[in-house]
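To keep things clear, I will list the structure first and then write my remarks on it.
Protein chains: 2
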Amino acid sequence: MQSDYSRYFSHNALGVKKSQIRELLKLTAKPDIISFAGGLPDPGMFPVDWIREAAGAVLEKHAASALQYGKTEGVDPLRDQLLKYLGRQGIPVNREQLMVITASQQGLDLVTRLFIDPGDVILCGAPTYIGALQAFNSQRPRVMGIDLEDDGIDTVRLAARIRELAAQNTRPKFIYLVPDFQNPAGVTLSESKRREIVDLAEEHDLLIIEDTPYRQLRFEGEAPPPLISLNNRRVLSLFTCSKILLPGFRLGWIAGPPQLIEKLVTLKQSVDLCSPTFNQFILAELFEKGRIEKQIERIRQAYREKRDLMLEMLQAHMPREKGVSWTRPEGGLFLWVSLPERVNTGELFQQAIEKKVAYVVGEAFYPGGEKKNSMRLNFSFPTTEDIREGIQRLGRLIRESL
Amino acid sequence: MQSDYSRYFSHNALGVKKSQIRELLKLTAKPDIISFAGGLPDPGMFPVDWIREAAGAVLEKHAASALQYGKTEGVDPLRDQLLKYLGRQGIPVNREQLMVITASQQGLDLVTRLFIDPGDVILCGAPTYIGALQAFNSQRPRVMGIDLEDDGIDTVRLAARIRELAAQNTRPKFIYLVPDFQNPAGVTLSESKRREIVDLAEEHDLLIIEDTPYRQLRFEGEAPPPLISLNNRRVLSLFTCSKILLPGFRLGWIAGPPQLIEKLVTLKQSVDLCSPTFNQFILAELFEKGRIEKQIERIRQAYREKRDLMLEMLQAHMPREKGVSWTRPEGGLFLWVSLPERVNTGELFQQAIEKKVAYVVGEAFYPGGEKKNSMRLNFSFPTTEDIREGIQRLGRLIRESL
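Top line first, the protein sequences correspond to chains A and B.
Quick note on the working numbering: the first sequence kicks off at 1 and runs consecutively.
Quick note on the working numbering: the second sequence kicks off at 1 and runs consecutively.
Laid out in structure tokens, this is it:
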């Protein structure tokens with residue numbers, strides 16, 4: 001038998017390539033490398049005692065349900081808590097507008113399967129979240145990136161692109177946005193742009209996927225309204241517990257129009273039947289005890305301090321040259337460094353590894369790989385010591401490269 | 001805006017229908033109905049104390065890893081335990097041949113996405129597991145059911161079908177089998193048929209998906225070898241912790257050729273990044289403490305007693321008429337009742353609900369809905385009291401209908 005199995009593969013599977021970025025990330029995992037490359041929460045912040053207490057309470061009170069299969073749309077105690085939690089954030093939804101998912105990556109996969117045929121158009125920011133691009137690419141769409149500005153996606157270009165497509169009788173299947181502290185760039189979509197985009201969606205009969213993993217991690221300033229609060233007929237919002245609590249539970253939720261939620265539940269049945277019930281009950285217990293909002297407050301404070309430190313170190317150690325700049329995110333996990341166009345951060349990466357510091361090569365976040373002079377830095381995971389030392393190493397590397 | 005969103009849906013999503021069977025199952029959930037319809041483990045068997053102990057140990061020893069993101073292929077401590085566990089069952093695999101999944105339903109979804117384009121042929125038993133049909137149908141294949149016999153799928157018909165297809169230049173993408181205590185029929189594929197099927201696969205260059213949720217729940221008799229132990233180049237085997245421990249963790253694993261596992265890991269990245277790490281660490285801890293094999297022994301004993309009771313009650317209360325028969329499974333969770341062809345169990349279902357007893361209508365398990373005179377009965381979930389009373393009600397109903 002041939003050891004090459006590709007003759008059995010579907011066209012979609014043939015199109016799926018191993019993520020180069022994940023291969024690069026493996027290089028950053030060596031213990032002596034200071035890595036700003038991951039997107040991990042700070043494990044020192046995990047509220048281990050609260051988890052232990054909640055897990056114990058669940059096994060005491062709800063073992064028969066919490067260890068059994070659950071409803072595909074999520075177990076009732078969690079959904080009830082989520083409705084209240086969303087309500088407190090100005091997102092008034094009812095049960096028919098909400099489903100639990102196996103973290104927001106599953107949400108990206110489900111919306112891709114719900115909407116995308118090969119060749120369909122998806123609009124998104126450029127750069128944008130790699131995991132979304134991976135989910136989208138599993139159905140071979142045309143992903144069109146629209147440049148980001150300091151206040152989010154360039155809505156003039158977005159509108160122009162939609163009109164161009166309309167002239168070719170093409171309606172994008174959806175606009176994908178990470179409005180708050182965007183991954184990778186850290187920028188936040190302004191309120192006026194949010195309203196423009198919702199109007200564009202109405203005008204051109206489009207849907208919007210709003211991905212909100214970092215929204216609750218705001219360090220300062222006022223939060224613009226969630227897109228779903230501006231239009232609940234055209235917006236599906238994805239949420240995750242990975243950044244506000246911990247990723248190891250693999251839990252998230254989607255809010256949106258009941259007709260879409262119903263169809264997504266049907267799709268989810270064939271994908272994994274239901275999300276982990278044990279974890280859902282633990283999360284419900286943590287909400288009920290008021291732990292989640294306390295935890296969010298703790299994380300905000302810790303990450304704000306790390307962001308401040310990283311900004312301070314960048315200010316002190318990055319070369320003062322035209323074309324060298326970085327974003328100042330008001331929240332989230334990431335900031336984005338741009339270098340003069342002659343610098344290729346992909347080529348620089350090997351030298352960075354030799355100098356024992358790592359970042360994510362910015363190119364990976366562009367649907368078409370179009371820009372090569374940027375990098376993403378994560379400030380949530382590294383210790384303050386590592387931020388100090390790592391940014392010094394990075395500054396030296398970049399100074400030498402210029 | 002139109003409230004019908006179907007204009008946005010992909011062709012695959014348009015083809016996915018709400019499961020009628022799940023709608024029927026909702027009817028069976030009323031508290032006064034004795035239901036043999038579900039496929040749930042007995043919650044009374046969940047080893048709550050062991051779970052509490054293991055969760056505590058994980059939070060004590062591994063919190064930083066167990067609450068964080070994990071590798072897509074599964075966390076090392078669990079994969080190490082699974083390799084040993086599979087080795088003890090005569091399935092010698094290495095790390096490259098094994099990945100953790102979010103329970104075996106995800107395995108069915110991943111293999112469907114890996115192999116199936118619309119119109120591709122899948123061969124399987126008729127009847128077969130509904131969840132597999134749902135996963136397959138999400139990519140719109142042609143699913144061809146081959147009749148089951150008391151010792152599993154009819155290999156003469158299977159071979160004939162493969163030859164017919166070959167004459168049309170069509171190679172099935174895979175053969176899907178539940179070799180042990182098949183869901184829904186409870187029958188086990190004999191060793192000689194296993195060898196025939198593996199030979200057929202070699203002859204016609206086919207792959208086999210072996211789904212083994214019940215294999216460890218053997219009450220008596222000797223287990224035929226797993227298909228993967230007969231051929232490790234053409235067989236992908238799916239495993240789940242749902243039936244040997246509990247479903248609420250949503251954990252399973254796949255063993256198979258390294259080239260296929262590698263590709264499945266890449267697909268899984270875009271689907272959910274990784275399976276719940278907290279749960280993986282707890283499962284690893286339970287394996288390490290020897291709890292899993294003890295738990296399997298406890299479940300075997302409990303389910304054997306329930307199966308014996310159900311068989312005894314069927315013997316006492318079912319009409320003695322030609323065409324009335326049922327299977328005598330040597331393990332698993334289900335048995336299968338066949339009635340004379342003039343009886344339509346779908347039509348009988350409403351009367352059953354009125355008589356406060358429920359089953360799954362057999363038709364749902366046929367890829368083409370071809371047989372209408374059978375039903376699936378589950379004996380793992382109901383109490384012994386309910387089995388006594390429920391089978392009496394069912395016998396009365398069937399006697400009246402004949």
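Heads up, the beta-carbon is just placed ideally off N, CA and C, and yes, glycines get one too.
With a threshold of 8 Å, establish whether the CB of Pro224(A) neighbours any heavy atom of the ligand MN. The ligand MN is not among the ligands present in this structure, which contains no ligands whatsoever.
If you draw a straight line from the C-alpha of Pro213(B) to the C-alpha of Ser104(B), how long is it? Looking up residue 213(B) in the second sequence gives position 213. Looking up residue 104(B) in the second sequence gives position 104. Distance between the alpha carbons of Pro213(B) and Ser104(B): 8 Å.
Using the beta-carbon count (16 or more within 10 Å), is Lys18(B) buried or exposed? Counted from its first residue, the second sequence places residue 18(B) at position 18. Exposed.
Does Gly332(A) get closer than 9 Å to chain B when you measure Cβ to Cβ? Your numbering for residue 332(A) matches position 332 in the first sequence. No, its Cβ sits nowhere closer than 9 Å to a Cβ of chain B.
So is Glu222(B) buried or exposed if we call it buried at 16+ other beta carbons inside 10 Å? By 1-based counting over the second sequence, the position of residue 222(B) is 222. Exposed is the call here.
Flag Cys124(B) as yes if its beta-carbon sits less than 9 Å from any beta-carbon of chain A, otherwise no. Within the second sequence, residue 124(B) is the residue found at index 124, counting from 1. Cys124(B) does not count as touching chain A.
My output table needs one value for Val337(B): the three-state DSSP class, helix, strand or coil. Residue mapping note: residue 337(B) aligns to position 337 of the second sequence, counting from 1. Here Val337(B) sits in strand by DSSP.
Give a yes or no on whether the minimum CB-CB distance between Tyr69(A) and chain B is below 9 Å. On the first sequence, residue 69(A) is found 69 positions in, with the first residue counted as 1. Yes, its Cβ sits closer than 9 Å to a Cβ of chain B.
Buried or exposed, going by whether 16 or more other CB atoms sit within 10 Å of the CB of Gln127(B)? Within the second sequence, numbered from 1, the residue matching residue 127(B) stands at position 127. In the sequence on display, residue 127(B) carries Pro and not Gln. Pro127(B) comes out buried.
Cutoff 9 Å: Phe278(B) Cβ touching any chain A Cβ: Within the second sequence, the letter at position 278 stands for residue 278(B). At least one chain A Cβ lies under 9 Å of Phe278(B).
If we ignore side chains and look at the alpha-carbon of each, how far apart do Ile93(B) and Glu285(B) end up? Indexing the second sequence from 1 puts residue 93(B) at position 93. Indexing the second sequence from 1 puts residue 285(B) at position 285. The question names Ile, yet the displayed sequence has Val at residue 93(B). For Val93(B) and Glu285(B), the distance between alpha carbons rounds to 21 Å.
Listed in chain order, which residues of the stretch 368–401 of chain B have Cβ atoms closer than 9 Å to some Cβ of chain A? none
Can you give the Cα-Cα distance for Ala63(B) and Phe281(B), rounded to whole angstroms? Within the second sequence, the letter at position 63 stands for residue 63(B). Within the second sequence, the letter at position 281 stands for residue 281(B). Going from the Cα of Ala63(B) to the Cα of Phe281(B) covers about 9 Å.
Whole alpha helix (DSSP H) elements within the stretch 296–375 of chain B, 4-residue minimum: 345–354
Which residues in chain B have a C-beta closer than 8 Å to the C-beta of Ile116(A)? List them in chain order. Position 116 of the first sequence, counted from the first residue, corresponds to residue 116(A). In chain order: Ser10.
So, is Asp4(A) buried or exposed, given that buried needs 16 or more other C-beta atoms within 10 angstroms? As a working mapping, residue 4(A) is identified with position 4 in the first sequence. Exposed, since its Cβ has fewer than 16 Cβ neighbours within 10 Å.
Counting contacts by CB-CB distance shorter than 9 Å, is Val48(B) in contact with chain A? Start at 1 with the first residue of the second sequence, and residue 48(B) comes out as number 48. Closer than 9 Å: yes.
Give the DSSP bridge partners of Thr266(A), in chain order. In the first sequence, the residue the question calls residue 266(A) occupies position 266. Answer by DSSP bridge pairing: none, since Thr266(A) is not bridged.
Residue-chain proximity (Ser275(B), chain A), Cβ-Cβ < 9 Å: Here residue 275(B) corresponds to residue number 275 of the second sequence, with the count starting at 1. At least one chain A Cβ lies under 9 Å of Ser275(B).
Can you check which of these residues, Leu267(A), Phe349(A), Gly395(A), Gln269(A), is closest to Leu311(A) by C-alpha distance? Counting from one through the first sequence, the residue named residue 311(A) turns up at place 311. Cα-wise, what sits closest to Leu311(A) is Gly395(A).
Using the three-state DSSP reduction, which class does Gly248(B) fall into: helix, strand or coil? For the purposes of this step, residue 248(B) is taken as the residue at position 248 of the second sequence. Reduced to three states, the DSSP call for Gly248(B) is coil.
Counting contacts by CB-CB distance shorter than 9 Å, is Tyr5(B) in contact with chain A? Locating residue 5(B) in the second sequence gives position 5, counting from the first residue. So, interface residue.
Run through DSSP, which three-state label would Ala255(A) get? Here residue 255(A) is taken as the residue at index 255 of the first sequence, counted from 1. It is a strand residue.
Is it true that the CB of Arg171(A) sits closer than 9 Å to the CB of Leu165(A)? Start at 1 with the first residue of the first sequence, and residue 165(A) comes out as number 165. Start at 1 with the first residue of the first sequence, and residue 171(A) comes out as number 171. Contact: yes.
Which residues in chain A sit within 9 Å of Ile51(B), going by Cβ to Cβ distance? Against the second sequence, residue 51(B) aligns to sequence position 51. Chain A residues near Ile51(B): Ala55, Leu59, Ala63, Leu67, Phe278.
Could you tell me the distance, in whole angstroms, from the CA atom of Leu98(B) to the CA atom of Phe249(B)? Mapped onto the second sequence, residue 98(B) falls at position 98. Mapped onto the second sequence, residue 249(B) falls at position 249. So the alpha carbons of these two residues sit roughly 19 Å apart.
Output needed in chain order: residues of the stretch 122–148 of chain A with a Cβ under 8 Å from some Cβ in chain B. Gly131, Gln134, Ala135, Asn137, Ser138, Gln139
By a C-beta neighbour count over all protein chains shown, 10 Å radius and 16 as the cutoff for buried, is Thr383(A) buried or exposed? The count along the first sequence starts at 1 and reaches residue 383(A) at position 383. Per the 10 Å Cβ criterion, exposed.
Beta-carbon separation of Asp120(B) and Tyr303(B) under 9 Å? Reading the second sequence from its first residue, position 120 is the one you call residue 120(B). Reading the second sequence from its first residue, position 303 is the one you call residue 303(B). Not a contact, by the Cβ cut-off of 9 Å.
Between Arg307(B) and Phe379(B), which are expected to be in contact by the criterion C-beta below 8 Å, what is the C-beta distance as a whole number of angstroms? For this step, residue 307(B) is matched to residue 307 along the second sequence. For this step, residue 379(B) is matched to residue 379 along the second sequence. Arg307(B) to Phe379(B), Cβ: 5 Å. Contact.
Cutoff 6 Å; reference Arg399(A); Cβ partners in own chain excluding five residues on either side: Taking the first residue of the first sequence as position 1, residue 399(A) is located at position 399. Correct list, in chain order: Pro319.
Is there at least one Cβ from chain B nearer than 9 Å to Lys263(A)'s Cβ? Numbered from its first residue, the first sequence carries residue 263(A) at position 263. It does: the Cβ of Lys263(A) has a partner Cβ on chain B nearer than 9 Å.
Whole angstroms are fine: how far does the CA of Arg157(A) sit from the CA of Ser374(A)? The count along the first sequence starts at 1 and reaches residue 374(A) at position 374. The count along the first sequence starts at 1 and reaches residue 157(A) at position 157. So the alpha carbons of these two residues sit roughly 21 Å apart.
What do you reckon, are the CB atoms on Gln182(B) and Gly145(B) nearer than 9 Å? Working through the second sequence from its first residue, we reach residue 182(B) at position 182. Working through the second sequence from its first residue, we reach residue 145(B) at position 145. Not in contact: Gln182(B) and Gly145(B) (Cβ atoms no closer than 9 Å).
If you follow the alpha helix (DSSP H) that Tyr85(A) is part of, which residue opens it and which one closes it? The residue labelled residue 85(A) in the question sits at position 85 within the first sequence. Its alpha helix (DSSP H) spans residues 76–88.
Using the rule of at least 16 other Cβ atoms within 10 Å of the residue's Cβ for burial, across every protein chain shown, is Pro31(B) buried or exposed? Taking the first residue of the second sequence as position 1, residue 31(B) is located at position 31. By the neighbour-count rule (16 or more Cβ atoms within 10 Å), Pro31(B) is not buried but exposed.
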